[in-house]
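Residue numbers (this note's numbering): 221 to 638.
Every residue, glycine too, gets a C-beta built ideally from N, C-alpha and C.
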Amino acid sequence: MPSASTDPDAVFPSNRKFLPNYGGTDPALNRYAVIFDAGSSGSRVHVYCFDQNLDLVHMVKSLRFSFRYANDPKGASDSLRPLIEKAEKAVPEDMRRSTPVKLGATAGLRQLGFDESEKILRAVKEVLKESKLKADDKWVSVLDGTQEAAYQWVSINYLLKTLGKKYSDTVGVVDLGGGSVQMAYAISEEDAAKAPKPSNGQDPFVKEMLLMGTKYYLYVHSYLHYGLLAARAQILGHSKDSDNPCILNGYHGTYSYGKSEYKVSSGAHGANMNKCREEVVKALKVNESICNYRKCSFDGVWDGGAGDGHKKLYVASYFFDRAAEVGLFDITKSIAKTRPVDFRNAAERVCVTRYKDANPYILASTPPTYPTYAWISSTNLDPMQEVTLVKKIKYTDALVEAAWPLGSAIEAVSANPT
């Protein structure tokens with residue numbers, strides 16, 4: 221049964237100021253948005269407040285919750301009720317009816333299949349309609365990969381204050397989630413015109429977006445089943461019930477993902493970097509597809525050409541978490557520089573670690589080998605190229621989480637003028 225698990229003393233504290241209310245800003249013109257992020261590896265609700273210039277004024281602290289949706293639509297929707305009430309209290313009473321509330325489910329729900337996910341979404345829509353906020357059926361959906369990637373790109377570039385500038389001044393974004401990997405960066409109009417037509421039901425490679433008066437051509441692609449949790453299942457599935465070279469010496473247990481469970485055992489000599497890499501390459505299908513373009517990433521997919529909008533890359537989610545956990549930077553930091561080769565070196569160190577000596581996160585887990593190869597294969601990066609690992613970005617006087625819900629909120633308030 222789904223449940224909302226929170227720290228009652230930390231839920232929605234008083235609004236935190238980002239911008240002072242002076243210089244022409246009028247609090248009466250502020251706009252709010254409530255965004256539910258129902259993810260495969262954890263869920264959150266966010267409340268954002270913007271001024272009339274679309275600057276972030278207040279941020280109500282995000283709240284984690286459990287949204288275990290499989291086979292229980294009513295339980296999934298009921299888990300939202302206490303969170304909706306808390307979100308309502310964070311919005312001024314006279315603004316609630318004009319405040320959009322959206323729910324986006326990501327890779328985990330996409331993988332349940334159409335019929336099962338639709339039952340859950342219908343139940344969620346009914347609960348949101350009962351709220352005091354502005355609900356709309358079309359605001360409750362399973363985000364396709366291109367939407368998720370585009371929102372993440374908007375979020376990070378918004379916080380860096382590069383939106384509205386030329387495309388070559390923006391940064392590219394790679395996001396490693398639980399169920400999928402997203403890639404997004406701005407390309408030139410000329411490159412957009414040359415983009416190949418998608419095939420086999422793929423989403424279009426290029427999304428046009430008008431943001432802060434500037435038109436962007438955004439290369440976006442999502443690799444479903446290539447997220448860290450989903451790929452771990454694929455890697456373990458290759459070895460079936462035999463020993464797996466990606467598991468630390470001395471570990472024996474099980475790993476569950478979706479509706480499947482995998483036996484997990486290390487070999488007699490523990491993890492082996494080279495053999496684990498081979499398993500990862502098989503899971504990524506790096507050598508099994510024909511590339512019909514100048515450059516490809518996973519599965520022979522066009523990579524966008526890697527132009528000026530790709531030169532500065534920000535990488536997020538599990539990339540950040542795994543880098544922190546293996547000591548690539550100070551875990552108290554919210555942003556750091558690294559290189560693909562640093563992940564590879566960390567993987568080599570982890571592979572010779574015994575289970576009993578490992579940090580807790582490594583248990584029944586593939587070491588940083590997978591993020592390394594996911595990263596290099598999806599971006600065609602030079603192993604020595606410096607990139608930015610990001611969890612939060614300083615915006616005025618506060619740190620704001622660099623996640624797709626902010627991009628969704630920006631879209632919502634832009635389309636919902638007061």
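Could you tell me if N420 is buried or exposed, where buried requires 16 or more neighbouring beta carbons within 10 angstroms of its beta carbon?
With fewer than 16 other Cβ atoms within 10 Å, it is exposed.
Counting pairs of Cβ atoms below 8 angstroms between the region 474 to 489 and the region 522 to 542, do you hit three or more?
Contact between the region 474 to 489 and the region 522 to 542 is absent, with fewer than three C-beta pairs closer than 8 angstroms.
For P320, which beta-bridge partners are listed by DSSP?
In the DSSP output, where bridge partners are listed per residue, P320 has K354.
Mark P465 as exposed unless 16 or more other C-beta atoms lie within 10 angstroms of its C-beta, in which case mark it buried.
By the beta-carbon neighbour count (other beta carbons within 10 angstroms, threshold 16), P465 is buried.
Could you give the DSSP three-state label for I467: helix, strand or coil?
In this structure, DSSP gives I467 a state outside helix and strand, which the three-state scheme calls coil.
So who's on the other strand from S485, going by DSSP bridges?
Note: S485 sits in a beta bridge opposite H472.
Report the residue ranges of all beta strand (DSSP E) runs contained in full by the region 347 to 430; include only those spanning at least 3 residues, in chain order.
Those beta strand (DSSP E) runs which fall completely within the region 347 to 430 and span 3+ residues are 360 to 362, 392 to 396 and 400 to 407.
Spatial neighbours of M315 within its chain, please: CB distance less than 7 angstroms, with the 5 preceding and 5 following residues excluded, ordered by chain position.
Within the same chain, M315 has close Cβ partners Y252.
Is P580 helix, strand or coil when you go by DSSP?
Note that P580 scores a pLDDT of 49, beneath 50, so its modelled location is shaky and nothing firm can be said.
Can you tell me whether I551 is buried or exposed, with buried defined as 16 or more other CB within 10 angstroms of its CB?
Around the beta carbon of I551, fewer than 16 other beta carbons lie within 10 angstroms, which makes this residue exposed.
Buried or exposed: where does E631 fall if 16 or more other Cβ atoms within 10 Å of its Cβ makes it buried?
A residue is called buried when at least 16 other Cβ atoms come within 10 angstroms of its Cβ; E631 meets this threshold and is buried.
Taking the alpha carbon of Y471 as the reference point, which residue from Y575, K614 and K354 has its own alpha carbon closest?
For Y471, the nearest C-alpha among the options comes from Y575.
To the nearest angstrom, how far is the alpha carbon of Y242 from that of Q367?
Legend: pLDDT at Y242 = 35, less than 50; position of this residue unreliable, value from coordinates given subsequently. So the alpha carbons of these two residues sit roughly 35 angstroms apart.
Apply the 10 Å Cβ neighbour rule to F334 and answer buried if 16 or more other Cβ atoms are within range, or exposed otherwise.
F334 is exposed by the Cβ-count criterion.
Look at G398 and A355 and say whether their C-beta atoms are less than 9 angstroms apart.
No; because the gap between Cβ atoms is not below 9 angstroms, this pair is not in contact.
If I measure Cβ to Cβ from G433 and keep anything under 8 angstroms in the same chain, skipping five residues before and after, which residues do I get?
If we look at G433 and ignore the five residues flanking it on each side, its Cβ neighbours are G384.
Residue environment, D271, which counts as buried when at least 16 other CB atoms sit within 10 Å
Around the CB of D271, 16 or more other CB atoms lie within 10 Å, so the residue is classed as buried.
Please name the residue, chosen from R542, D292 and S480, that lies closest to V610 on a Cα-to-Cα basis.
Residue R542 is the option with its Cα nearest to V610.
Short check: CB of A544 to CB of K557, under 9 angstroms?
In terms of Cβ geometry, A544 and K557 do not form a close pair [threshold 9 angstroms].
For the region 591 to 630, which segments carrying the beta strand (DSSP E) assignment without a break, of at least 3 residues, lie completely within its bounds, in sequence order?
Whole beta strand (DSSP E) segments, 3+ residues: 607 to 610, 612 to 615 and 618 to 621.
Integer Cβ distance of A536 from D395, believed to fall under 8 angstroms
Contact flag correct, Cβ pair sits at about 5 angstroms.
When burial is assigned at 16 or more other CB atoms within 10 Å of the CB, is D577 buried or exposed?
So D577 ends up on the exposed side.
Go ahead and pull the three-state DSSP assignment for F270.
Under the three-state reduction of DSSP, F270 is assigned to strand.
What's the call for P560, buried or exposed, on a 16-neighbour Cβ count within 10 Å?
Flag for P560 reads buried.
Between which two residues does the alpha helix (DSSP H) containing V500 stretch?
DSSP places V500 inside the alpha helix (DSSP H), whose first and last residues are M493 to L504.
For H445 and P424, what's the separation of their Cα atoms in angstroms?
H445 and P424: Cα-Cα distance of roughly 18 angstroms.
Neighbourhood of F380 by C-beta distance below 7 angstroms, restricted to the same chain and skipping five residues each side:
Correcting the residue type first, residue 380 is Leu in the shown sequence and not Phe. Result list for L380: V391 and I613, in chain order.
In three-state DSSP terms, what is C571?
C571 falls in the helix class under three-state DSSP.
Rounded to whole angstroms, what's the CA-CA distance from K345 to W359? Just pull it up for me.
Linking K345 to W359 through their CA atoms gives a straight-line distance of about 9 angstroms.
Candidates K349, D364 and L363: which alpha carbon is nearest D357's?
Out of K349, D364 and L363, K349 has the C-alpha closest to the C-alpha of D357.
What residue from I455, E568 and L468 has the CA that sits closest to N494's CA?
The shortest C-alpha separation from N494 is found at E568.
Straight-line CA distance for L430 to L276?
When rounded, the distance between both Cα atoms is 19 angstroms.
Coarse secondary structure for K515, derived from DSSP in three states
Secondary structure of K515 (DSSP, three-state): coil.
How close, in whole Å, do the beta carbons of L448 and Y538 come, if the pair is a contact with beta carbons under 8 angstroms?
Confirmed, about 4 angstroms.
Bridge partners for H458 per DSSP, in chain order?
Note: H458 sits in no beta bridge, so no partner.
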